[in-house]
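These protein sequence lines map, in sequence, to chains A and B. Quick note on UniProt numbering: the first sequence kicks off at 1 and runs consecutively. Quick note on UniProt numbering: the second sequence kicks off at 1 and runs consecutively. Just so it is clear, CB atoms sit at the ideal spot from N, CA and C, and this is done for glycine as well.
Number of protein chains: 2
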Amino acid sequence: MASTDKPVPEPEKTVPPPEAPVADPKKDAPPPETKAAEPVPPRNYLVVADVVLRVVLFAAAVTSVVVMVTSNQTKLVTLPVPPFPTVPRPAKFVHSPAFIYFVAALSVAGLYSIVTAAASFLALLKPGFSTKLLAHLVIFDVLILGIVASATGAAGGVAYIGLKGNSHVGWTKVCNVYDKFCRQIAASVAISLVASIVLVLLVILSAYSLSKKIPK
Amino acid sequence: MASTDKPVPEPEKTVPPPEAPVADPKKDAPPPETKAAEPVPPRNYLVVADVVLRVVLFAAAVTSVVVMVTSNQTKLVTLPVPPFPTVPRPAKFVHSPAFIYFVAALSVAGLYSIVTAAASFLALLKPGFSTKLLAHLVIFDVLILGIVASATGAAGGVAYIGLKGNSHVGWTKVCNVYDKFCRQIAASVAISLVASIVLVLLVILSAYSLSKKIPK
């Protein structure tokens, strides 16, 4: 994207470079500053979409982690032993390894999205090195997608057991007791599904940008 | 990849097209048949790697599904009710929604890999339309990667509870009873992890192929 410093063999009608020297030939410095926003390079909107998607990914990852981490809930539970005492029993995300993996994976995705959003934004300002950048970002996008998708699946699978239980092996449901905890877990998984979809879109966008740069 | 019918602005030393008419100018029909295997088009090995990876993906997906589906195991379990009868209790993958999703996702990946391996093999035989094919395959590769990775995560998360249990919510481990069932589930998840890695490699290979075709 934004390949303005090499000759692209396409009919470009929107970019008027010959008009600039004709309009004001007496002063040289002002025209590049005032015209800087107007001649949009071809396919620049793809870089803009890339930056926007990475910002959305960051927002989704951070929201997902925060909602998961703040899902603590403590309930008074009656123990099934003879004196039947009522004791406070907390529910935390650290009680399940799947949720710990989920928080780790989404945190990595959030950090990654900051770094790559900055890199993509720099590519928007300085076109030219974006081809190599794109090809490299696809590699890491795909890796992060695999991590985030598997974390979403793991957390979703465990959360489903918490919601429905499993009568075949005697795993009881817990969401009838910990209602707020389960709502936050479900919201967190749903938001990380959004993050997965954003990562899929990022990879598709990168592949589209690369295929658009191939001549013919 | 394998773009021989359009002028690639690169120094190609290995392809000797001017030698073929010079060597035998008197007969026209035999040379194209005998020389067909020798002048390897540039970057043809990328298509070969693509086909090989898709065949590996097919093998991994089918193996994973077969191992998961044949994991049934029936054990005699003593019920904890007063007469304490010993009854046969089966363990099947259909007892867990996560495993059902896993089988569905890996079956889809297996079918997809057959179709795309055939398409990629055709692209190997008929170079020229492979650019558009590649760009489209990346889209579906990424989607299948998301599905397979999330299925691997879901099945792995549930299998981990079966292996270790969860003392916080009272979910007992089941792998001390159903040993063969658990071994097959673990093997199936491990093989699907291989399938996920193969899909990541396929997307990276496609992005590399696309980036190699960009001039400059």
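Host beta strand (DSSP E) of residue i (start-end)
i, result
"Arg-77/B", "Strictly speaking, residue 77/B in this sequence is Val, with Arg absent from that position. Where Val-77/B is concerned, the enclosing beta strand (DSSP E) stretches over 73–78."
"Thr-86/A", "86–91"
Reference residue i; option with closest CA among the options
i, options, result
"Ser-64/B", "Ser-209/B, Lys-173/B, Leu-193/B", "Leu-193/B"
"Val-52/B", "Ala-91/B, Ser-107/B, Ala-119/B", "Ala-119/B"
"Ala-123/A", "Ile-214/A, Leu-143/A, Tyr-45/A, Pro-215/A", "Tyr-45/A"
"Ser-107/B", "Pro-83/B, Ser-96/B, Ala-59/B, Pro-215/B", "Ala-59/B"
"Thr-172/B", "Phe-181/B, Ile-161/B, Asp-179/B, Lys-180/B", "Ile-161/B"
"Ser-167/A", "Arg-183/B, Lys-92/B, Phe-181/B", "Lys-92/B"
"Arg-183/A", "Leu-205/A, Pro-85/A, Tyr-208/A, Gly-156/A", "Gly-156/A"
"Ser-96/A", "Ala-190/B, Phe-84/B, Asp-141/B, Gly-165/B", "Gly-165/B"
"Ile-197/B", "Val-81/B, Lys-126/B, Ile-144/B", "Ile-144/B"
"Ile-191/A", "Val-47/A, Ser-113/A, Val-67/A, Leu-133/A", "Val-67/A"
"Ala-109/B", "Phe-140/B, Ala-49/B, Pro-85/B", "Phe-140/B"
"Asp-50/A", "Phe-121/A, Ala-186/A, Asn-72/A, Asn-176/A", "Phe-121/A"
8 Å Cβ cutoff, residue i in contact with chain A
i, result
"Asn-166/B", "yes"
"Thr-63/B", "no"
"Pro-85/B", "no"
"Ile-191/B", "no"
"Ile-161/B", "yes"
"Met-1/B", "With a pLDDT of only 38 at Met-1/B, under the threshold of 50, the placement of this residue in the model should not be trusted; the figure read from the coordinates follows. By this cut-off, Met-1/B is not an interface position."
"Val-109/B", "For the sequence presented, residue 109/B should be read as Ala rather than Val. So no, Ala-109/B is outside the interface."
"Ala-135/B", "yes"
"Asp-28/B", "Any reading at Asp-28/B must be qualified, since the residue scores a pLDDT of 44, below 50, and its modelled position is unreliable; the value itself is stated next. False, the Cβ-Cβ gap to chain A never drops below 8 Å."
Under 8 Å between C-beta atoms of residue i and residue j
i, j, result
"Gly-146/A", "Val-200/B", "yes"
"Val-94/B", "Val-87/B", "no"
"Thr-70/A", "Pro-90/A", "no"
"Ala-154/A", "Gly-153/B", "yes"
"Ala-98/B", "Val-158/B", "yes"
"residue 239/A", "Val-55/A", "The shown model of chain A, from 1 to 216, leaves out residue 239/A, and the question about it has no answer."
"Tyr-101/A", "Ala-135/A", "no"
"Ala-207/B", "Leu-210/A", "yes"
"Ile-214/B", "Lys-180/A", "no"
"Ala-195/A", "Leu-111/A", "no"
"Val-174/A", "Val-169/B", "yes"
"residue 290/A", "Val-203/B", "Examination of residue 290/A is not possible in this model, given that chain A is present from 1 through 216 alone."
Boundaries of the alpha helix (DSSP H) in which residue i is found, first to last residue
i, result
"Cys-175/B", "Segment: none, Cys-175/B is in no alpha helix (DSSP H) and carries neither H nor E."
"Ile-114/B", "97–125"
"Val-65/A", "44–69"
Contacts of residue i in chain A (Cβ-Cβ under 9 Å)
i, result
"Ser-196/B", "Gly-146, Ala-149, Ser-150"
"Ala-117/B", "In chain order: nothing, as chain A lies at least about 19 Å away."
Contacts that residue i makes with chain A (C-beta to C-beta distance below 8 Å)
i, result
"Thr-172/B", "Val-169, Gly-170, Trp-171"
"Val-138/B", "Val-203, Ile-204, Ala-207"
Amino acids of chain B, ordered along the chain, whose beta-carbon sits closer than 8 Å to that of residue i
i, result
"Ser-206/A", "Ala-207"
"Ala-60/A", "Under the 8 Å cutoff, chain B gives no residues; its nearest Cβ is about 15 Å from Ala-60/A."
Cβ of residue i within 8 Å of any chain B Cβ
i, result
"Ile-100/A", "no"
"Pro-97/A", "yes"
"Lys-213/A", "yes"
"Ile-185/A", "no"
"Leu-210/A", "yes"
Under 7 Å by beta carbon: chain B residues contacting residue i
i, result
"Ala-154/A", "Gly-153, Ala-154, Gly-156, Gly-157"
Contacts that residue i makes with chain B (C-beta to C-beta distance below 9 Å)
i, result
"Val-200/A", "Ile-139, Val-142, Leu-143, Leu-145, Gly-146"
Near the ligand FMN: residue i beta-carbon under 7 Å from a heavy atom
i, result
"Val-115/B", "Summarising the ligand content, the structure contains no ligands, and the ligand FMN is consequently not present."
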